[in-house]
Structures are given as C-alpha cells and as structure tokens.
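Visitor:
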Amino acid sequence: MAEKTFYREFEVFSKRTPSSAFQHQFSLLAPNKDMAFIMAQENFMRREPVADIWIIDREHIRSMNADEKLTLGRLDNKQYRTTKGYGYLKKKWRHYEQQMLDEKEILSWGGNSK
Amino acid sequence: MSNLAMKSEEEMLEQFIERIEAGDKIEADDWMPEEYRIALIKLISMHGISEIMGALPEKEWVPKAPTLHRKLAIMAKVQDEMGHGQLLLRVAEDLLKPYGKTRSDIMQDLFNGDLKFHNVFHMDTKSWGDAGLIGWLVDGAAIITQTNMLGSSYGPYARALQRICAEEVFHAQHGEAIIMALAEGTEEQRTMVQEAINHWWESLLMFFGPASKETTGSSKQDITIKYKIRKKTNEQLRQDFFTKYIPRILSLGLKLPDPTMHYDEEKQMWIYQQPDWSEFKKIIKNQGPRSQARLNLRRTSYENNAWVRDALAATTN
Numbered sequence: 000m001a002e003k004t005f006y007r008e009f010e011v012f013s014k015r016t017p018s019s020a021f022q023h024q025f026s027l028l029a030p031n032k033d034m035a036f037i038m039a040q041e042n043f044m045r046r047e048p049v050a051d052i053w054i055i056d057r058e059h060i061r062s063m064n065a066d067e068k069l070t071l072g073r074l075d076n077k078q079y080r081t082t083k084g085y086g087y088l089k090k091k092w093r094h095y096e097q098q099m100l101d102e103k104e105i106l107s108w109g110g111n112s113k
Numbered sequence: 000m001s002n003l004a005m006k007s008e009e010e011m012l013e014q015f016i017e018r019i020e021a022g023d024k025i026e027a028d029d030w031m032p033e034e035y036r037i038a039l040i041k042l043i044s045m046h047g048i049s050e051i052m053g054a055l056p057e058k059e060w061v062p063k064a065p066t067l068h069r070k071l072a073i074m075a076k077v078q079d080e081m082g083h084g085q086l087l088l089r090v091a092e093d094l095l096k097p098y099g100k101t102r103s104d105i106m107q108d109l110f111n112g113d114l115k116f117h118n119v120f121h122m123d124t125k126s127w128g129d130a131g132l133i134g135w136l137v138d139g140a141a142i143i144t145q146t147n148m149l150g151s152s153y154g155p156y157a158r159a160l161q162r163i164c165a166e167e168v169f170h171a172q173h174g175e176a177i178i179m180a181l182a183e184g185t186e187e188q189r190t191m192v193q194e195a196i197n198h199w200w201e202s203l204l205m206f207f208g209p210a211s212k213e214t215t216g217s218s219k220q221d222i223t224i225k226y227k228i229r230k231k232t233n234e235q236l237r238q239d240f241f242t243k244y245i246p247r248i249l250s251l252g253l254k255l256p257d258p259t260m261h262y263d264e265e266k267q268m269w270i271y272q273q274p275d276w277s278e279f280k281k282i283i284k285n286q287g288p289r290s291q292a293r294l295n296l297r298r299t300s301y302e303n304n305a306w307v308r309d310a311l312a313a314t315t316n
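See below:
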C-alpha cells in the first residue's frame, strides 16, 4: 500500500562551494522532502564537498519535448554578441602598442574570487 | 499537432539511428525504438540489482575484517555499491514508465527469478583473501565492462556510469591494498591469496559473458553494440581484462589457475581454457552456491522493512 506514495521522484542539485553554481546531480526516489535530502547526501555526496543542496519534485519541472528542443539551434551569424566579433581589435591595438583587454584580462581584475 | 506525431515509425527510427550515429545522447523522454528500450531495461535493471546483490557478499566481511581501518573501508565500499544500485535503478525506472512499472516490480522480478544478477554474486566467500580479491579482480572486471559503456548512446546511463566509475577507482585500490598486504605477508597469507584466485578464476572468466550466443543460447551483446550502448564484445573485454591484470597477478608471484594460458603473439590474443558454461547458466538461474541464501536475505529485509516504508509514506511533505 505504501508503494503508491513511497516512491516520489525528486531531482537533486547541489553546489560544491558557497561561490559555485548549482549543478544537477541525479534523480532519486523518496516519500517526502526530508527523506529526499537524506537520500541526496547518501547517494551523491559521500565524498565530494558540498555547500548546499536543492531537491525538486519532478512534477514541478516543465521540460522540453523533442520538437521544442529543435527550436534551440542557433544561426551562426551573431558574432556581434560575442568577443569573437571583435577579435580584429587585437591587431589594431598592437599597432598602437597596446594590449587588448580580453575576457581573461578583464575577469582577472577582481583578483582571486575563489 | 506536433511534427513528431505526423512522422511514420520508419522515419522516427531512421532519425533515431542518425542521432546515435552522430554521437547525440538519447534522453528518457525521447522517442526510442522498443528494441532499444527493452535492451536498456534488461541491461540496466540487471546492472542495478547486481550492485545491490553484490553488496551482500562483501557485507559479510564487515564484522570479520581484520582491523578497524579495514572494517571502515569495506563498509564505505558496501555503501557505495548500494548507492550505485540506487542510481541505476532510477535509470531503469524511467525507462519502465511506459509499462507502468516501478521499483516494487523490479524487486518482485528479482524475488521471483525473472530478473537476474551477476554470476559472481552467487558465489561464496571463504576467507579475507576472497574479500580482497573481490575488490581487486571482480571490481577490476566490472571497471572494464563499465568503462566500455561510458560513451553509451543513452545519456542517463552514461551519466550514472561516470559517477560509478569514479568511485570504482577507490574500490579497485581498496582491493589492491588488501591483496598487497596479504601477498607481502606470511606464507599462510600468500596461500590465502592464491586460493582466492583459484576459487574465483572461473567466475572471473564467466563475468564477461559468453563469446557468442552459440555458447549459452542467448546473448544481448549484438543489440547493445548495434545501438552504441556499448563498444566492445564480451570476448574483447575479457581479453582486455587479461592484458591489464595477468601481468599484475604474476608480478606478485602468484600462479594462474590455468597452466595452459598464454599470450599468442601472432593472433594477438590470450589463449585460455573455457570455463564450464553450463555451470554459468545454472548459476544465473539462481542455482549457484549462495543464490538462494542471498535472495532470501534480500527478501526478508524487504519484508521486515515494509513498516518503515509505510511509516515514511504517511508524511508526504
């Protein structure tokens, strides 16, 4: 009788450190949220460090069907949205004896954020 | 109306094959041919339940492990195996959804003999040498078969295997540590390792399955290779196992139980004596030395813990 309500599906997300992003781990079966937290640690975090866990009832996730996924493809004509579209500046700056401020350089200005 | 609904079964199959040929990953909700779904269910539910049944012979060694450190380590491994079982059963359950089947059906299939578990977990363990050997060579064999499917066309299985194989590294080293201590120990301890190898040899050969269906009457390897669920054949995996482990066994001064075994340079393969495949068929039909005892243990604990499931199910928030 318990079998009907015992096996609810939860998706588990966790992050390794306070500054890292949540990452999907896997799914698990649990009868309720408290048990889902316990199972999440037992199943997926026996070794790796963990700073936070989310559990989400699968019923609350709206995922894409195969047709919808087809809409995710991108046309390869939007270089102005990426640094790739401005790569020629590197050569230009070199002409003025300056270095280009690229992503690596700019993100380094915050120091070591980890 | 969706575009997919307008496609014929043949077009869907063609598109599916194109996707796996291109290295795309199939997900649980994607359309898949029935043959693919059934092959995955058989493979993954057997794999998942074998992890759980495989924890039983090792769990027997927790109270008998020689030191506290060894007890803790083998307990951690038993816990990992149960965790692997949970991961894999989730993958199988999502595939079983269209048939309205759940985890209780998987457990019932195990109890009534419809769902098989790996041949090695039907065997008995006699000494601490056996416990070490399971970690070293049985897990070694499992690593060979599991890494062979890391690139599986079925995304959820590939992701589960990624996690599992990472932990198997610990298991293999745990087994090596036990074997190394015994192999460098007293004469009695060295004998213990040699006896363990002799005892497990046939089971290890059988672990990879028959070379072809002619040997035992059936084999799923052709279908799983066709759908890119796995890469190599049973025999290729067995040969890989020999190549990786035989030099290690010999380097510790241990002897191969098969005196005729050798590497044929011309054929580029190991020549060895076949195990008794009729015995293999018997074992996987739950007629091995410890099959019934372990199934009974699983059955009893499932029944004895039913009240816990009932109690927990009463709180659904």
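Chains as they are written, first to last, in numbering that gives the first Met the number 0: chain A, 0 to 113; chain B, 0 to 316.
Glycine is no exception: its CB is placed at the ideal position from the N, C-alpha and C atoms.
Suppose only complete runs of 3+ residues qualify. What are the beta strand (DSSP E) ranges in the segment 29-89 of chain A, listed by chain order?
Guide: The qualifying runs are 51-56.
Visitor: Is it buried or exposed for A/Met63, if we count other Cβ within 10 angstroms and need 16 for buried?
Guide: Position 64 of the first sequence, counted from the first residue, corresponds to residue 63 of chain A. Its Cβ having fewer than 16 others within 10 Å, A/Met63 is exposed.
Visitor: Only counting the same chain, and skipping five residues up and downstream in sequence, which positions put a Cβ closer than 8 Å to that of B/Leu203?
Guide: Sequence index remark: in the second sequence, residue 203 of chain B carries index 204 (1-based). Around B/Leu203: Val119, Leu136, Val137, Ala140, Phe240.
Visitor: On the CB-based measure, 16 or more other CB atoms within 10 Å of its CB, does B/Lys76 come out buried or exposed?
Guide: Taking the second sequence and counting its residues from 1, the one referred to as residue 76 of chain B is at position 77. Under this definition B/Lys76 is a buried residue.
Visitor: Flag this pair as yes or no: are the beta carbons of B/Ile190 and B/Cys164 separated by less than 8 Å?
Guide: One-based indexing of the second sequence puts residue 190 of chain B at position 191. One-based indexing of the second sequence puts residue 164 of chain B at position 165. Contrary to the premise, residue 190 of chain B reads as Thr rather than Ile in this sequence. No, they are not a contact pair.
Visitor: Would the segment 271-284 of chain B and the segment 209-226 of chain B be scored as touching if the rule is three or more Cβ pairs under 8 Å?
Guide: Flag = yes, the segment 271-284 of chain B and the segment 209-226 of chain B touch.
Visitor: Using 8 Å for Cβ pairs, my map puts B/Ala157 next to B/Lys24. What's the rounded Cβ distance?
Guide: The sequence position of residue 157 of chain B within the second sequence is 158, counting from 1. The sequence position of residue 24 of chain B within the second sequence is 25, counting from 1. Confirmed, about 7 Å.
Visitor: Between which two residues does the alpha helix (DSSP H) harbouring B/Trp306 extend?
Guide: Residue 306 of chain B sits at position 307 when you count from the first residue of the second sequence. Residues 305-312.
Visitor: Given that a residue counts as buried once 16 or more other Cβ atoms are within 10 Å of its Cβ, and exposed if not, what is B/Asn303?
Guide: Within the second sequence, residue 303 of chain B is the residue found at index 304, counting from 1. So B/Asn303 counts as exposed.
Visitor: Run down chain A in chain order and give the residues with a C-beta less than 8 Å from the C-beta of B/Leu311.
Guide: For the purposes of this step, residue 311 of chain B is taken as residue 312 along the second sequence, with counting starting at 1. Simply Ala1, Phe5, Pro30, Asn31, Met34.
Visitor: Over what stretch of residues does the beta strand (DSSP E) that includes A/Glu8 continue unbroken?
Guide: As a working note, residue 8 of chain A is residue 9 in the first sequence. Note, A/Glu8: beta strand (DSSP E), 7-14.
Visitor: Just to confirm the assignment, what range does the alpha helix (DSSP H) spanning B/His334 have?
Guide: No answer is possible for residue 334 of chain B: it lies beyond the span of chain B, which begins at 0 and ends at 316.
Visitor: At what residue ranges does the segment 33-101 of chain B contain a whole run of the alpha helix (DSSP H), taking only runs of 4 or more?
Guide: With a minimum length of 4 residues, the continuous alpha helix (DSSP H) runs that stay inside the segment 33-101 of chain B are 33-58, 67-95.
Visitor: Using a Cβ-Cβ cut-off of 8 Å, state whether B/Gly47 counts as contacting chain A.
Guide: Counting from one through the second sequence, the residue named residue 47 of chain B turns up at place 48. For B/Gly47, the answer is no, since every Cβ of chain A falls outside 8 Å of its Cβ.
Visitor: With 8 Å as the threshold, decide whether the Cβ of B/Gln145 is near any Cβ in chain A.
Guide: Along the second sequence, read from residue 1 onward, the residue named residue 145 of chain B stands at position 146. No, B/Gln145 does not count as interfacial toward chain A.
Visitor: State yes or no: is the beta carbon of A/Arg15 nearer than 8 Å to at least one beta carbon in chain B?
Guide: Taking the first residue of the first sequence as position 1, residue 15 of chain A is located at position 16. Taking Cβ atoms only, chain B never reaches closer than 8 Å to A/Arg15, which makes this a no.
Visitor: For B/Ile19, which residues from the same chain have a beta carbon less than 6 Å from its beta carbon, with the 5 sequence-adjacent residues on both sides left out?
Guide: The residue given as residue 19 of chain B occupies position 20 in the second sequence. If we look at B/Ile19 and ignore the five residues flanking it on each side, its Cβ neighbours are Ser152, Lys227.
Visitor: Under 7 Å Cβ-Cβ, which residues of chain B neighbour A/Leu27?
Guide: Reading the first sequence from its first residue, position 28 is the one you call residue 27 of chain A. Near A/Leu27 (Cβ distances below 7 Å), the residues of chain B are Gln85, Arg89.
Visitor: May I have a chain-ordered list of the alpha helix (DSSP H) segments no shorter than 4 residues that lie completely inside the segment 206-230 of chain B?
Guide: Taking only runs of at least 4 residues, the alpha helix (DSSP H) segments lying wholly in the segment 206-230 of chain B are 212-215, 220-225.
Visitor: Which residues in chain B sit within 7 Å of A/Asn104, going by Cβ to Cβ distance?
Guide: As a first step, residue 104 of chain A is located in the first sequence; it is residue number 105 there, counting from the start. Asn is not the amino acid found at residue 104 of chain A; the sequence shown has Glu there. None at all; the shortest Cβ gap to chain B is about 34 Å.
Visitor: Flag A/Asn42 as yes if its beta-carbon sits less than 8 Å from any beta-carbon of chain B, otherwise no.
Guide: Start at 1 with the first residue of the first sequence, and residue 42 of chain A comes out as number 43. A/Asn42 counts as touching chain B.
Visitor: Assuming contact is defined by CB atoms lying nearer than 8 Å, are B/Arg102 and B/Leu88 in contact in what I supplied?
Guide: Numbered from 1 along the second sequence, position 103 holds the residue referred to as residue 102 of chain B. Numbered from 1 along the second sequence, position 89 holds the residue referred to as residue 88 of chain B. Yes; because the gap between Cβ atoms is below 8 Å, this pair is in contact.
Visitor: Going along chain B in order, which residues have a C-beta closer than 8 Å to the C-beta of A/Ala39?
Guide: Counting from one through the first sequence, the residue named residue 39 of chain A turns up at place 40. In chain order: nothing, as chain B lies at least about 11 Å away.
Visitor: Distance, Cα to Cα, B/Gly84 vs A/Ile37?
Guide: To locate residue 84 of chain B, count along the second sequence from 1; it is residue 85. To locate residue 37 of chain A, count along the first sequence from 1; it is residue 38. Approximately 16 Å between the Cα atoms of the pair.
Visitor: Quick one: residues in its chain with C-beta nearer than 8 Å to the C-beta of B/Lys6, no 5 flanking neighbours on either side, listed in chain order?
Guide: Residue mapping note: residue 6 of chain B aligns to position 7 of the second sequence, counting from 1. The answer, listed in chain order, is Gln14.
Visitor: Is DSSP giving B/His261 helix, strand or coil here?
Guide: The residue labelled residue 261 of chain B in the question sits at position 262 within the second sequence. Here B/His261 sits in strand by DSSP.
Visitor: Can you pull the chain A neighbours of B/Arg102, defined as C-beta to C-beta under 7 Å?
Guide: Numbered from its first residue, the second sequence carries residue 102 of chain B at position 103. Those are Tyr6, Leu28, listed as they occur along chain A.
Visitor: How would you call A/His94, buried or exposed, if buried means at least 16 neighbouring beta carbons within 10 angstroms?
Guide: Counted from its first residue, the first sequence places residue 94 of chain A at position 95. Under this definition A/His94 is an exposed residue.
Visitor: Give me the chain A residues within the contact set of B/Thr315, using Cβ-Cβ distance strictly less than 8 Å, ordered along the chain.
Guide: Taking the second sequence and counting its residues from 1, one reaches residue 315 of chain B at position 316. Per Cβ cutoff of 8 Å: Thr4, Arg7, Pro30, Asn31.
Visitor: Could you tell me whether any Cβ in chain B is nearer than 8 Å to the Cβ of A/Ser19?
Guide: By 1-based counting over the first sequence, the position of residue 19 of chain A is 20. It does not: the Cβ of A/Ser19 has no partner Cβ on chain B nearer than 8 Å.
Visitor: Closest Cβ-Cβ distance between A/Arg45 and chain B: below 8 Å?
Guide: Here residue 45 of chain A refers to the residue found at position 46 when the first sequence is read from its first residue. Output row for A/Arg45: interface = yes.
Visitor: Would you mind giving the Cβ-Cβ distance between B/Leu55 and B/Arg293, rounded to the nearest angstrom? I have them listed as a contact below 8 Å.
Guide: The sequence position of residue 55 of chain B within the second sequence is 56, counting from 1. The sequence position of residue 293 of chain B within the second sequence is 294, counting from 1. Between B/Arg293 and B/Leu55 the Cβ distance is about 5 Å, and since that is below 8 Å, they are a contact.
Visitor: Between the segment 45-65 of chain A and the segment 7-16 of chain A, are three or more C-beta pairs nearer than 8 Å?
Guide: With the cut-off at 8 Å, the segment 45-65 of chain A and the segment 7-16 of chain A touch.
Visitor: Enumerate in chain order the residues of its own chain whose CB-to-CB distance from A/Pro17 is below 7 Å, with the five nearest sequence positions on each side excluded.
Guide: Mapped onto the first sequence, residue 17 of chain A falls at position 18. Counting only Cβ-Cβ distances below 7 Å, and skipping sequence neighbours, we find Ala50.
Visitor: Flag A/Ser107 as yes if its beta-carbon sits less than 8 Å from any beta-carbon of chain B, otherwise no.
Guide: For the purposes of this step, residue 107 of chain A is taken as residue 108 along the first sequence, with counting starting at 1. Chain B contact via Cβ: absent.
Visitor: Assign B/Ala21 to one of two classes, buried (16 or more other C-beta atoms within 10 Å of its C-beta) or exposed (fewer than that).
Guide: Counting from one through the second sequence, the residue named residue 21 of chain B turns up at place 22. Label assigned to B/Ala21: exposed.
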